[in-house]
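The structure appears right after this line, and notes come after that.
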Amino acid sequence: MSEWNSIAVRQEGAVGIIELARPHVLNALSRQMVAEIVAAVEAFDRDETVRVIVLTGRGRAFAAGADIQEMADDDPIRLEWLNQFADWDRLSIVKTPMIAAVNGLALGGGFELALSCDLIVASATAEFGFPEVNLGVMPGAGGTQRLTKLIGPKRALEWLWTGERLSAKEAHKLGIVTRVVSPELLMEETMRLAQRLAQQPPLALRLIKEAVQKAVDYPLYEGMQFERKNFYLLFASEDQKEGMAAFLEKRKPRFQGK
Ligand code: DAK
1 MSEWNSIAVR QEGAVGIIEL ARPHVLNALS RQMVAEIVAA VEAFDRDETV RVIVLTGRGR
61 AFAAGADIQE MADDDPIRLE WLNQFADWDR LSIVKTPMIA AVNGLALGGG FELALSCDLI
121 VASATAEFGF PEVNLGVMPG AGGTQRLTKL IGPKRALEWL WTGERLSAKE AHKLGIVTRV
181 VSPELLMEET MRLAQRLAQQ PPLALRLIKE AVQKAVDYPL YEGMQFERKN FYLLFASEDQ
241 KEGMAAFLEK RKPRFQGK
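Counting from 1, one number per residue, gives the positions in the sequence shown under our numbering.
See below:
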């Protein structure tokens with residue numbers, strides 16, 4: 001997809017930036033928009049010049065959830081045929097580090113999109129929530145699973161049942177968000193973090209990401225075995241040679257992702 005209707009895509013140095021761009025409906029995630037986000041993320045993921053991907057929203061919302069207009073008349077059989085989660089699920093196999101810069105409301109699918117990124121940087125005015133329950137449904141794109149793994153079943157249940165919103169500060173306290181910054185500094189701070197990560201050895205970042213993801217699902221022993229294999233694998237990289245040589249020669253390393 002080279003033409004984008006619902007998003008804006010650009011690259012700054014080694015950082016690929018995707019901006020959700022339907023502010024008139026608070027970036028409600030239409031099917032077209034989800035397809036575009038996934039296509040843009042995958043294109044960046046395959047591009048060796050892109051070391052970090054940043055997702056953000058235009059206007060006052062990051063994303064106010066799936067497009068209710070579009071799904072109001074759905075039925076289970078149509079949903080089965082649409083198989084729309086096939087697109088969505090591809091986000092979880094992206095290897096490049098992904099940061100969500102949450103500028104405002106992140107509700108329902110919008111919160112799920114942020115949770116499927118590796119790190120969330122939030123504006124102090126951002127709010128997070130799963131209002132699906134107020135529509136008579138529930139999250140379907142990972143919300144009950146990802147939130148529970150992050151904050152535990154009791155706290156997750158309370159937020160999922162009430163549909164109430166968490167402030168950026170509460171989300172930070174619960175470990176959902178790693179940084180809270182003032183609204184006007186959101187992109188600057190996120191880009192600073194992204195550029196910093198872009199200097200790190202990309203293969204190590206990818207294999208660390210994979211190992212941390214396994215830590216969430218694997219028992220400790222299996223996780224440790226997985227970690228070890230990735231550790232060994234990095235010794236096959238030029239970046240390992242460069243990193244250790246630079247240390248011994250007391251100079252700054254230059255990592256190339258090789
Ligand atoms: N869908 C469609 N339009 C939306 C929308 C949404 N989710 N959220 C807001 N809008 C539209 C409003 O209809 C309004 O349009 P106009 O009336 O101006 O034409 C415009 O955006 C501005 O919104 P408001 O006028 O309502 O603004 P307020 O500040 O008064 O209220 C609000 C903001 C966020 C509290 C309110 O808009 C609201 O409650 N929005 C709905 C939030 C919500 O329930 N979200 C959860 C939806 S369920 C999937 C992935 C995920 C999911 C499903 C599938 N796949 C991968 C396939 C998840 C499901 C959900 O997210």
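Yeah, the Cβ is synthetic: ideal placement off N, Cα and C, and Gly gets one too.
Worksheet item: methionine 138 to glutamate 238, Cα distance in whole Å?
Response: 47 Å
Fill in: With 16 other Cβ atoms within 10 Å as the buried cut-off, status of asparagine 27
buried
Practice prompt. Quick one: residues in its chain with C-beta nearer than 6 Å to the C-beta of leucine 174, no 5 flanking neighbours on either side, listed in chain order?
Written response: Ile151
Item to complete: Mind checking which residues open and close the alpha helix (DSSP H) that includes valine 212?
Response: 202-217
Discussion item. Any heavy atom of the ligand DAK inside 8 Å of the beta-carbon of arginine 31?
Written reply: yes
Item to complete: Please check the pair glutamine 269 and leucine 234, which I expect to be a contact at CB under 8 Å, by giving their CB distance rounded to whole angstroms.
Response: No answer is possible for residue 269: it lies beyond the span of the chain, which begins at 1 and ends at 258.
Item to complete: Determine contact between the region 29-46 and the region 176-189, defined as no fewer than three beta-carbon pairs at a distance below 8 Å.
Response: no
Worksheet entry | Segment limits, alpha helix (DSSP H) that includes glycine 129 | Unbroken run through glycine 129 is the beta strand (DSSP E), 127-129; no alpha helix (DSSP H).
Practice prompt. Alpha carbon to alpha carbon, how far is alanine 40 from leucine 186? Give it in angstroms, no decimals.
Written response: 22 Å
Worksheet item: Count the other CB atoms within 10 Å of the CB of leucine 82; is the residue buried (16 or more) or exposed (fewer)?
Response: exposed
Item to complete: Leaving out five residues on either side along the sequence, give the residues of the same chain with a beta carbon under 7 Å from the beta carbon of leucine 205.
Response: Pro97, Leu197
Practice prompt. Give me the Cα-Cα distance between glycine 261 and glutamate 112, rounded to the nearest whole angstrom.
Written response: As displayed, the chain neither begins before 1 nor continues past 258, which places residue 261 out of reach and without an answer.
Fill in: Residue nearest to alanine 124 in terms of C-alpha spacing, selected from Val15, Gly163, Glu170, Arg58
Glu170
Item to complete: Could you tell me the boundaries of the beta strand (DSSP E) in which methionine 98 lies?
Response: 98-102
Worksheet item: If glutamine 195 sits next to valine 15, beta carbons under 8 Å apart, how far is it from one beta carbon to the other, in whole angstroms?
Response: 6 Å
Item to complete: With hydrogens ignored, establish whether the beta-carbon of valine 25 is closer than 8 Å to any heavy atom of the ligand DAK.
Response: yes
Worksheet item: Smallest Cα separation from valine 94: which of Gln84, Glu222, Phe62, Cys117?
Response: Cys117
Worksheet item: Under three-state DSSP, which class holds alanine 28?
Response: coil
Worksheet item: In the region 118-160, which residue ranges form an unbroken beta strand (DSSP E) of at least 3 residues, counting only runs that do not cross its ends?
Response: 119-123, 127-129
Worksheet item: Roughly how many angstroms separate the alpha carbons of valine 121 and leucine 203, rounded to a whole number?
Response: 23 Å
Worksheet item: What are the start and end residues of the beta strand (DSSP E) that includes glutamine 11?
Response: 7-12
Discussion item. If you follow the beta strand (DSSP E) that alanine 236 is in, where does it begin and where does it stop?
Written reply: Neither: alanine 236 is in no beta strand (DSSP E) and is coded neither H nor E.
Worksheet item: Starting from threonine 56 and walking both ways along the beta strand (DSSP E), at which residues does that stretch end?
Response: 52-57
Fill in: CA nearest to the CA of valine 34, picked from His24, Leu91, Arg51, Asp74
Leu91
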